[in-house]
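**Q**
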Amino acid sequence: MIIDCHCHAGKGDRMTAPWNTDAPIEPYLRRARAAGIDKTIVFPLFHSDYSEANAQLSRLVEQYRSRLIGFAFIHATRDAGRVFSMVRRAVTCWGFRGIKVHGHEAMATREVCETARAFRLPLLYDVAGQAYVMDMLAPQFPDVNFIIPHLGSFADDWRIHQQVVDLMVRFPNVYGDTSGVRRFDYIVQAVNRAGAQKLLFGSDGPWLHPGLELHKIRLLQLPPDKEDLILGGNALRLLRPVRLGQTRTGRNYLGRSAALQTRYNAKITV
Ligand SMILES: [Zn+2]
Numbered sequence: 001m002i003i004d005c006h007c008h009a010g011k012g013d014r015m016t017a018p019w020n021t022d023a024p025i026e027p028y029l030r031r032a033r034a035a036g037i038d039k040t041i042v043f044p045l046f047h048s049d050y051s052e053a054n055a056q057l058s059r060l061v062e063q064y065r066s067r068l069i070g071f072a073f074i075h076a077t078r079d080a081g082r083v084f085s086m087v088r089r090a091v092t093c094w095g096f097r098g099i100k101v102h103g104h105e106a107m108a109t110r111e112v113c114e115t116a117r118a119f120r121l122p123l124l125y126d127v128a129g130q131a132y133v134m135d136m137l138a139p140q141f142p143d144v145n146f147i148i149p150h151l152g153s154f155a156d157d158w159r160i161h162q163q164v165v166d167l168m169v170r171f172p173n174v175y176g177d178t179s180g181v182r183r184f185d186y187i188v189q190a191v192n193r194a195g196a197q198k199l200l201f202g203s204d205g206p207w208l209h210p211g212l213e214l215h216k217i218r219l220l221q222l223p224p225d226k227e228d229l230i231l232g233g234n235a236l237r238l239l240r241p242v243r244l245g246q247t248r249t250g251r252n253y254l255g256r257s258a259a260l261q262t263r264y265n266a267k268i269t270v
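Its first residue numbered 1, the sequence shown is counted upward by one per residue in this note's numbering.
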């Protein structure tokens, strides 16, 4: 199964650039289908209200349930104090399976990481060139899996790519995605040094063509088992069953019984 781990969907409200204006999913889905991509992790684009943007996304995920997997976009400082409740809503009402934070807006905080930990969600964290922060986050939250998009830089900064590959080698819970990485040898280096089990195929659709981004992975000419990990195996592993277990106060995150957890997990097979 081929899973694209990085795509945007919905409409933004700022309208100063493509990435805060419109991320039309239908053209993406046509391109992805033609490229052989089975499923896609989607999250909103930049927005001034992520409660609204995540709700908007949930309608698309519902509409294309067989192909889309939702991640909740969180602004780490603007949403401070309500991260847990936003993510709980996304997980329990809409079946979302991860969190997206963009360092261009605000760097991830303890509250964000604790929420990811509580629900056992992967955190797709664009470090916006500040890869060194992972030295703090990765050891503080060894049970949270961090996926660093674009190997750390959408702007082709080779120094950041280098740092992110180093982080992927050093920390078992730090992964990288290939979306928008143009300096091909850093993808090669990520596989050779960190291993195929640490890299995830992503497209940064709908703005980048998923078929073109997928072709980069084919060009690595890896043995099929390693290529399969990058194209979907790793994503499947990180999309582990969500935990709706006990809080520190002994209450279920939903305030309901453990049976609900079992029922919920049964529903969310990818
Ligand atoms: Zn993106």
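A virtual CB, placed ideally from N, CA and C, is assigned to each residue, including glycine.
If the criterion is Cβ atoms closer than 8 Å, does the pair Ala23 and Gly10 meet it?
**A** It is a contact, given that the beta carbons lie within the stated cut-off.
**Q** Can you tell me which of the three DSSP states Glu69 falls into?
**A** Note that residue 69 is Ile in the sequence shown here, rather than Glu. Residue state, collapsed to three classes: strand.
**Q** Using only the heavy atoms of ligand 1, determine whether one of them is closer than 7 Å to the beta carbon of Asp177.
**A** no
**Q** Applying the 10 Å Cβ sphere with the 16-neighbour rule, what's the burial state of Met15?
**A** exposed
**Q** Return the residue from the list Ala128, Thr92 and Ala17 that minimises the CA-CA distance to Gln163.
**A** Ala128
**Q** Bridge partners of Ala23, per DSSP?
**A** Gly10
**Q** What first and last residue would you give for the beta strand (DSSP E) that runs through Leu123?
**A** Leu123 to Asp126
**Q** Starting from the C-beta of Val83, find all residues in its chain whose C-beta is less than 6 Å away, skip the five residues before and the five after it, and write them out in chain order.
**A** Ile74, Glu111, Val112 and Thr115
**Q** Work out the CA separation of Thr92 and Gly12 for me, nearest whole Å.
**A** 24 Å
**Q** Let's see if you can read the secondary structure: which residues bound the alpha helix (DSSP H) around Tyr186?
**A** Phe184 to Gln189
**Q** Helix, strand or coil: which one does DSSP assign to Asp135?
**A** helix
**Q** Does the distance from the CB of Ala53 to the CB of Gly70 come in under 8 Å?
**A** Not a contact, by the Cβ cut-off of 8 Å.
**Q** Tell me whether His273 counts as near ligand 1, meaning its Cβ is closer than 7 Å to at least one heavy atom of that ligand.
**A** The requested residue 273 is not part of the displayed model; the chain covers only 1 to 270.
**Q** Any idea what DSSP makes of His102, helix, strand or coil?
**A** strand
**Q** Tell me whether Asp177 sits in a helix, a strand or coil according to DSSP, three-state version.
**A** strand
**Q** Where do the ends of the beta strand (DSSP E) carrying Thr40 lie?
**A** Lys39 to Phe43
**Q** At which residues does the alpha helix (DSSP H) containing Phe119 begin and terminate?
**A** Arg110 to Phe119
**Q** So, helix, strand or coil for Ile147, using DSSP?
**A** strand
**Q** Less than 7 Å between the CB of Pro149 and some heavy atom of ligand 1, yes or no?
**A** yes
**Q** If we count Cβ pairs, one from each stretch, closer than 8 Å, do we get three or more for the region 150-163 versus the region 172-182?
**A** The count of Cβ pairs closer than 8 Å, one atom from the region 150-163 and one from the region 172-182, reaches three, so the stretches are in contact.
**Q** Hey, how far is the Cα of Leu238 from the Cα of Ala34?
**A** The alpha-carbon of Leu238 is positioned some 25 Å away from that of Ala34.
**Q** Consult DSSP for Asp157 and reduce its assignment to one of helix, strand or coil.
**A** coil
**Q** Can you give me the start and stop residues for the alpha helix (DSSP H) that Arg89 sits inside?
**A** Val83 to Trp94
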